[in-house]
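Just so we're aligned, residue 1 is where the first sequence starts under the numbering used here, counting upward by one. Ideal Cβ positions, reconstructed from N, Cα and C, are used throughout, including at glycine. Here the structure is a predicted model, which is why all the values come from computation and not from measurement. All remarks here apply to the structure that follows.
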Amino acid sequence: MRVGDRRMLEDATRYEPAEVERRLFAEWIEAGYFHPEAEGTPEENFSIAIPPPNVTGALHMGHALNGSMQDALARMSRMRGRNTLWILGTDHAGIATQAVVEKMLRAEGTSRQELGRDAFVERVWSWKEEYGAQIVEQYKRLGASCDYERERFTLDEGYVKAVYRVFKQLFDKGYIYRDNYMVNWDPGTHSAISDLEVENREVEDVLYSIDYPVEGSDRVLTVATVRPETMLADTAVAVNPGDERYTDLVGEHCVLPLVGRRLPIIADDHVDPEFGTGALKITPGHDINDFEIGRANGLEEIGVIGPDWRMSEDAGERFEGLTVAEAREAVVAALREEGRISAEEPYTHSVPFSHRSGERIEPLISLQWFCRMDELAAPAIEAVETDAVRIVPSQWKRVYLEWMGEIRPWCISRQLWWGHRIPVWYCDACGETLVAEETPERCGACGGELRQEEDVLDTWFSSAIWPFATLGWPDETPELRAFYPTSFLTTAREILFLWVARMIMMGLEFPGDIPFRDVYVHSVIQARDGRRMSKSLGTGVDPLEEIDRHGADALRFGLLAMSSTQDVRFSDAKVQQGADLANKLWNASRLILLNCKFNQDQSHINSAQDQVPARVESGTTKPTPRTPEDRWILSRLERTIASVTEKLEAYDFAHAAQEVYSFFWSELCDWYLEIVKPRLYEGEEEVSANLLWALERVLALLHPMMPFVTEEIWAYHPARRGHLTVHPFPEPDGSLIDAEAEAAVDAGIDLTRRLRAWRDLVEAPAATVLPARAEGVEPQEFVGRLARFRFEDDGGEPVAAVGPVRVLASAEIDAAAVRARLEARREELRSEVARAEGKLGNERFVANAPAEVVAEERDKLERYSAELEELSE
RNA sequence: GGGCGCGUAGCUCAGUGGGAGAGCGCUCCCCUCACACGGGAGAGGUCGCUGGUUCGAGCCCAGCCGCGCCCACCA
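So this is what it looks like as structure tokens:
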């Protein structure tokens with residue numbers, strides 16, 4: 001069956017997303033809607049740089065939420081006629097990707113070491129070519145309107161050029177330097193990692209108390225440690241300067257058991273006199289805290305643990321070559337033998353672990369590359385302080401500023417093979433170090449052979465330049481001119497520092513402008529049971545399965561509706577709500593499109609494929625509604641458009657989704673369509689015009705959130721001139737706002753509801769039309785029809801009053817039920833009257849409350865009293 | 001240790017000073033010619049606890065109890 005074929009509308013009572021979504025996505029891509037020309041200015045245009053998913057990644061719920069939000073904004077902006085670019089690409093994800101390929105190699109019985117660096121990197125590339133595109137295909141399933149023709153990769157040629165340019169310039173400015181420094185060594189990946197890649201976990205250890213004899217005395221200093229093996233690297237013992245127990249010992253020495261090294265006893269404020277004995281062993285080589293104390297006091301730095309997670313030569317013959325765990329046992333045994341251990345107790349504390357490998361971090365001093373951050377941070381702080389970059393919700397602004405204020409040097413080197421190899425060359429002949437953007441031939445100083453640095457850069461180093469490197473920087477490309485700074489970034493708060501802060505710093509430093517105007521920090525979707533969604537816990541919900549089951553529109557709607565500024569549990573019900581909405585849209589559209597009378601030329605309906613990819617105007621003309629209900633629905637529609645638009649612009653996706661849902665379902669379907677059905681079946685042109693106009697505007701309004709079903713329905717709309725994707729987004733039209741009509745119809749709806757409720761209470765048969773008489777003003781036509789009442793001027797005795805309506809006696813009504821109902825209503829009214837009287841009887845309320853609140857209360861009292869009087873016998 | 005946030009209907013969540021809401025679930029009625037993934041009508045909350053401010057508090061303030069998250073070098 002062809003698209004736009006009326007038989008489809010006539011026959012299909014259910015909307016089936018699967019076939020529709022694949023077909024429409026192909027049409028959009030074919031038309032090139034998502035591939036804008038690089039024209040205009042960043043102010044006029046709209047652009048988003050996608051948070052690049054890892055090449056190893058599969059679409060997870062975070063991507064799906066993030067993508068739904070970005071796509072809603074991108075599509076809205078595109079429909080508004082702005083030149084819109086959503087930059088897509090993937091991240092080479094150093095550690096993750098290397099780990100995946102290494103795992104494959106192990107399965108093949110080989111290893112990266114066996115292959116050698118070049119062959120290994122080759123191997124990762126071929127893995128990337130084969131599997132790396134997976135996640136991009138998955139974004140398409142979601143309906144993401146990214147520019148797939150401009151896809152980037154953090155290791156593609158141009159990108160590497162940008163990375164090297166950045167490195168060189170930061171080096172030349174003196175920000176990047178090489179130093180022996182304490183780093184978080186990850187024994188799992190055999191690499192240094194940054195502070196931000198470390199997570200602390202509660203662990204139960206044994207706290208050993210070890211006695212260090214004081215030289216030339218029979219006193220001992222007892223120190224406590226959970227890592228006895230590191231005592232081999234101790235170079236001091238510290239006490240608090242104010243601790244009177246030890247004042248006389250400061251300046252003296254201890255003798256390190258097992259080793260015999262003389263340790264100076266020093267005073268340092270870091271030592272807490274309350275903890276343990278108040279004496280702290282200082283191991284500058286293996287503890288971050290001690291490292292700093294050591295540097296401050298000029299202590300020797302000894303390393304007894306090597307990067308291979310074994311004891312080094314400096315640990316002494318007895319322990320050299322042991323693993324750290326073995327060494328711990330051996331050291332404890334040896335100390336015990338010497339009677340040096342005075343206590344052992346279980347001790348729970350938090351310990352750093354590698355976010356990547358899950359291994360316990362080993363603090364080590366090693367030669368690494370660092371980037372000083374202070375100078376880069378200053379303008380990035382100012383940009384957020386002045387709201388040049390707006391962070392919403394605003395509480396994250398403060399979190400950002402506080403962190404930036406305490407920023408520390410960033411360890412940017414990683415001992416991996418997959419990544420941007422650091423663009424530094426060493427000349428062994430003359431000792432020269434060369435930093436260059438392009439591989440140099442020979443040493444500039446002596447002409448000798450050059451050897452490139454082995455380490456690669458932290459993956460986040462390249463991610464930090466994502467918004468401009470993807471646009472072609474450092475070249476002055478048209479893309480850069482048209483789309484930088486980008487407009488919007490949405491992110492999870494966990495990468496606010498890891499990524500967002502660094503992009504702001506790099507953006508200001510290199511292209512010289514903020515990377516994006518607004519940063520929206522979205523909520524985290526937790527598993528259904530409130531735990532974190534995680535693959536290893538098995539708590540993840542697969543977005544692709546949800547798409548298979550309910551359609552991409554349903555998932556998108558569900559995610560937007562459940563999103564919030566606070567974390568929320570994944571809600572199947574919200575996705576189902578989205579699926580139901582898609583189905584409702586389809587069926588309401590069938591009703592309208594199959595029954596509307598229109599005399600326009602329909603020949604264009606099926607010619608979507610012939611349309612040029614341009615903005616298309618509507619063929620519908622604005623109706624001039626006459627009847628109150630027509631004016632009512634169009635007025636409500638315009639209010640909804642204004643409100644939903646406002647919500648989307650404020651990144652309040654949840655309320656935007658809920659509002660358009662309830663307008664469409666409750667007001668348009670439940671009331672308006674039911675009200676106008678007779679007119680529609682009669683083929684009245686006026687109501688047709690109204691409905692087609694309303695349908696078109698609702699579809700356009702909803703398109704950014706639910707692109708597929710709205711586009712599909714649009715294919716059948718007589719006003720169609722091309723795809724909805726490039727149709728103008730509705731602007732609220734104030735001339736259609738009609739408060740009077742709203743009040744009139746709302747009153748009719750209220751009366752209808754009360755009449756229906758009354759019927760139900762007295763258990764009147766559902767199908768029977770009951771006789772009634774109107775007192776005063778005749779109710780609107782639809783009231784009787786929808787509530788199933790027949791209004792007549794004479795007729796029988798009134799048995800009940802429902803508002804201005806007198807229900808007349810008839811065989812179907814149970815007189816006892818009516819009496820009970822009447823009494824219940826009286827009781828309700830009495831309590832309302834009492835409430836209002838109480839309030840108004842309070843002098844202070846009348847004196848202090850705003851006049852309109854008091855007036856409203858008086859009005860209620862009057863109404864309820866009048867009705868009560870009416871009902872009194 | 002510091003910071004942020006949460007505790008509202010059975011469930012998941014809205015609701016930043018004037019009479020407690022939505023979706024799902026539940027009960028009753030209806031297969032009425034768009035839709036039973038539907039329509040209609042209902043039941044169901046001392047808004048964590050205790051004080052305070054106010055004519056008026058789910059909403060503001062203080063304290064407490066429970067639960068999350070982020071940051072942090074107490075061995």
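CB of residue i within 8 Å of CB of residue j, strictly
| i | j | result |
| --- | --- | --- |
| D553 | G578 | yes |
| A383 | V392 | no |
| V805 | A774 | yes |
| Y246 | V239 | yes |
| V818 | L808 | no |
| F516 | L489 | yes |
| R356 | I95 | yes |
| D214 | L249 | Correcting the residue type first, residue 214 is Val in the shown sequence and not Asp. For V214 and L249, yes; Cβs fall inside 8 Å. |
| R201 | V351 | yes |
| L9 | Y716 | yes |
| M79 | F557 | no |
| N180 | I302 | no |
| R636 | E684 | no |
| R112 | E102 | yes |
| L829 | V783 | no |
| P307 | D269 | no |
Among the options, nearest to residue i - alpha-carbon criterion
| i | options | result |
| --- | --- | --- |
| L155 | G748, G303, W466, E345 | W466 |
| W460 | F25, N54, A18, E870 | N54 |
| E337 | R398, D211, W665 | D211 |
| W632 | R590, E827, V676 | V676 |
| S563 | F34, N66, N200, D455 | N66 |
| E204 | S865, W396, A855, R360 | R360 |
| R398 | E797, E317, E437, L496 | L496 |
| E869 | A700, E827, L840, F663 | E827 |
| A801 | S872, I749, A741, D733 | S872 |
| A694 | R759, F708, K161, A719 | A719 |
| G795 | L770, P346, V777, E300 | L770 |
Collapsed DSSP secondary structure at residue i in the structure displayed
| i | result |
| --- | --- |
| V163 | helix |
| I813 | coil |
| F789 | strand |
| C411 | strand |
| R2 | Below a pLDDT of 50, predicted positions are generally treated as unreliable, and R2, at 48, falls in that range; no measurement from the model is reported. |
| T97 | helix |
| T621 | coil |
| T247 | helix |
| L868 | helix |
| E726 | The sequence shown places Val at residue 726, rather than the Glu named in the question. V726: helix per DSSP, three-state reduction. |
| R835 | helix |
| D859 | helix |
Residue i versus residue j - alpha carbon distance
| i | j | result |
| --- | --- | --- |
| L258 | T56 | 48 Å |
| T235 | Q98 | 38 Å |
| R697 | R531 | 40 Å |
| M231 | D387 | 50 Å |
| A38 | F483 | 8 Å |
| V331 | E229 | 6 Å |
| P613 | S145 | Because the pLDDT at P613 is just 47, under 50, the model does not fix this residue reliably, and the value given afterwards should be weighed accordingly. Distance between the alpha carbons of P613 and S145: 14 Å. |
| G358 | A224 | 26 Å |
| D876 | A469 | With the chain represented from 1 up to 873, any question about residue 876 goes unanswered, as that position is not in the structure. |
| R6 | P478 | 45 Å |
| A650 | L822 | 48 Å |
| A772 | L702 | 42 Å |
| S571 | Q658 | 14 Å |
| A327 | G294 | 24 Å |
| A370 | W403 | Residue 370 is actually Phe in this sequence, not Ala. Computed Cα separation, rounded: 18 Å. |
| F653 | E149 | 28 Å |
| E742 | S523 | 37 Å |
| E129 | L692 | 48 Å |
To test your reading of the DSSP string, which unbroken alpha helix (DSSP H) runs of 4 or more residues are found completely within the segment 309 to 393? 324 to 337, 374 to 385
Where are the alpha helix (DSSP H) runs, 4 residues long or more, that stay fully inside the segment 532 to 611, in chain order? 543 to 550, 552 to 562, 572 to 595
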